[in-house]
Each structure stands twice: as C-alpha cells, then as structure tokens.
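Novice: Handing you this structure, nothing more for now.
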Amino acid sequence: MDVQALIKEQVTSNPVVLYMKGSPRAPMCGFSQTAVQILQACNLPLFFSVNVLEDPAIRDGIKVFSNWPTIPQLYIRGEFVGGCDIMREMYHSGELQKLLEGIAAPD
Amino acid sequence: MSDANPEKPEHANAAALEIEMQHRLSTLNPQQIDLIDDSALHAGHAGAQNGGRHYRLRIVSTEFAGLSTLNRHRRIYVALGDLMHSKIHALSINALTPEEIDSRP
C-alpha cells in the first residue's frame, strides 16, 4: 500500500488520529506534547496515534496528505482539524470538545 | 536570499532568515508582525536535530477577515513557501485581524 493510501486508511478507520513526534506517553516535541494534553483534557485519555519519527515515509507523506507542513496533525472522523495552535484555540472556544462528542477512547 | 553560510556565525544566519521571513510575510499586507525566535528553548530535543529554527509569530492583517484559523495558517505557510520545509523547524502562529485585536482586552 502506498503511504497516501495508508494514511487515508488510518484516518478513516479511526475516529481520532494524532500524527505526532514520539508517543502519548513519551512525546518527543513540545508541540506534540501539548496536542496530547489537549486531547486528554477533552476526556479522551486514549486515542490512535502515529509516531512519525518511527516512519520517515509517513513523516513526509502526512505533510503532503493535507498539504500542511508541520507536525502534530489531528484528524477527527477522517477530517483534518489542524495543528497544535488550532487545537489550543478550538479547545478554549469549546469547538474541539464539540467535535469529539460521542467519540469513546479505543479499548 | 543566499543560503545559510557555514562560515558565518549562527546568529547572522538566523538574522538573515528572519529578514527573509518578514519579506515573504509582507505579501499578506500585515499591519503588524511580531516574530520571536524560540530556538533556544528547543535546543537538543529529538525533533530538532536537523537544526531548523523555532519561531513564534503574531501577525495582524485585514486579509484574514472571514478566514478560519486553519485557512489563515495555510495563507502563512504558502507565503513562507519552502522555508517551512527547510530552515524553519517549527512555527507557532497567532493570526488576527485588526478588529479582533481591538475587541480584546
């Protein structure tokens, strides 16, 4: 499967996907860490995440997928939401909590 | 803009990059640009090994009116072009219209 198809499958088969540097338990970048903390503050302690540092093809591919040059990137129900600044803004306005309504953490 | 010159001291390359960023962002007709170099805060972390720099940008332009935050950021990324893929490792953005500033305390 080519990387664009793989990303497409990841974001459509999981309600929430965070492409980040490191893992939620051990983020490797302050922006990724903030993104994790925001999702956790939205009552989503667990979510599907992809560590781009482990996969150079995804690290490059995700920037092409949504034509967005930075990481982290958040997808909800297959839609690109934004990066860390946008997540923070949407969290403070309550928009992010609304988007995440009805989404349960994976088992 | 000439490429980063390894002969030059680090701060001179950083200054040249900031001038180039300001120049490219001027295509958005900003009333105000505040560009803060945060690189020192991120020195040495795993994601920053390619040596790109970290910036915080606050930019005010009437051109952001009617655009979502996502689309404001896209305009900025387009203006900065290839710098986003090379010399800028991270950019934190606060993009506002003049009206939004006036309505804030």
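Residue numbers (the working numbering), protein chains in the order written: chain A, 1 to 107; chain B, 1 to 105.
Built from N, CA and C at the ideal position, the CB exists for glycine as well.
#1: Inspect the beta-carbon positions of residue 20 of chain A and residue 3 of chain A and report whether they are closer than 8 Å.
#2: Since I believe residue 76 of chain A is in contact with residue 46 of chain A (beta carbons under 8 Å), could you give me their beta-carbon distance rounded to a whole number of angstroms?
#3: Go to residue 65 of chain A, then tell me how far its alpha helix (DSSP H) extends in each direction, as first and last residue.
#4: Within the continuous alpha helix (DSSP H) that includes residue 18 of chain B, where are the two ends?
#5: Starting from the C-beta of residue 77 of chain B, find all residues in its chain whose C-beta is less than 6 Å away, skip the five residues before and the five after it, and write them out in chain order.
#6: Using 8 Å as the threshold, is the stretch 25-33 of chain A in touch with the stretch 88-95 of chain A, meaning 3 or more CB pairs across them?
#7: How is the alpha helix (DSSP H) around residue 102 of chain B delimited, first residue to last?
#8: Show which residues of chain A have a CB atom less than 8 Å away from the CB atom of residue 61 of chain B.
#9: Is residue 22 of chain B buried or exposed, if buried means 16 or more other CB atoms sit within 10 Å of its CB?
#10: Decide if the stretch 82-102 of chain B is in contact with the stretch 20-38 of chain B; the criterion is three or more beta carbon pairs, one per stretch, under 8 Å apart.
#11: Below 8 Å between beta carbons is the criterion; list the residues of the stretch 82-94 of chain B that meet it against any residue of chain A, in chain order.
#12: Whose C-beta lies closer than 6 Å to the C-beta of residue 48 of chain A among residues of the same chain, with five residues either side of it excluded?
#13: Does any residue of chain A bring its CB to less than 8 Å from the CB of residue 17 of chain B?
#14: Is the Cβ of residue 55 of chain A closer than 8 Å to any Cβ of chain B?
#15: For residue 60 of chain A, does the count of other Cβ atoms within 10 angstroms reach 16, so buried, or fall short, so exposed?
#16: Kindly indicate which residue of A/104, A/42, A/88, A/26 has the alpha-carbon position closest to the one of residue 50 of chain A.
#17: Measuring alpha carbon to alpha carbon, tell me which of B/66, B/93, B/10 ends up nearest residue 33 of chain B.
#18: Can you list, in chain order, the residues of the stretch 65-77 of chain B whose Cβ is nearer than 8 Å to any Cβ on chain A?
#19: Going along the stretch 58-84 of chain A in order, which residues come within less than 9 Å of chain B, judged by CB to CB distance?
#20: Taking the alpha carbon of residue 88 of chain B as the reference point, which residue from B/11, B/30, B/10, B/52 has its own alpha carbon closest?
#21: Using 8 Å for Cβ pairs, my map puts residue 82 of chain A next to residue 70 of chain B. What's the rounded Cβ distance?
#22: Helix, strand or coil: which one does DSSP assign to residue 76 of chain B?
Specialist: In short, the structure shows the following:
#1: no
#2: The pair is not a contact, with the Cβ atoms about 15 Å apart (cut-off 8 Å).
#3: Residue 65 of chain A -> alpha helix (DSSP H) spans 56-65.
#4: 10-25
#5: Spatial neighbours of residue 77 of chain B in its own chain (CB-CB distance under 6 Å, excluding positions within 5 residues in sequence) are listed in chain order as 84.
#6: no
#7: Its alpha helix (DSSP H) spans residues 98-102.
#8: The premise fails here: residue 61 of chain B is roughly 16 Å from chain A at the closest Cβ pair, so nothing lies under 8 Å.
#9: exposed
#10: yes
#11: 84, 85, 90, 91, 92, 93, 94
#12: 14, 17
#13: no
#14: Against chain B, the CB of residue 55 of chain A has no partner CB under 8 Å away; the residue lies outside that interface.
#15: By the 10 Å Cβ count, residue 60 of chain A comes out exposed.
#16: A/26
#17: B/93
#18: 69, 70, 73, 74, 77
#19: 63, 67, 68, 69, 70, 71, 80, 81, 82, 83, 84
#20: B/52
#21: 5 Å
#22: helix
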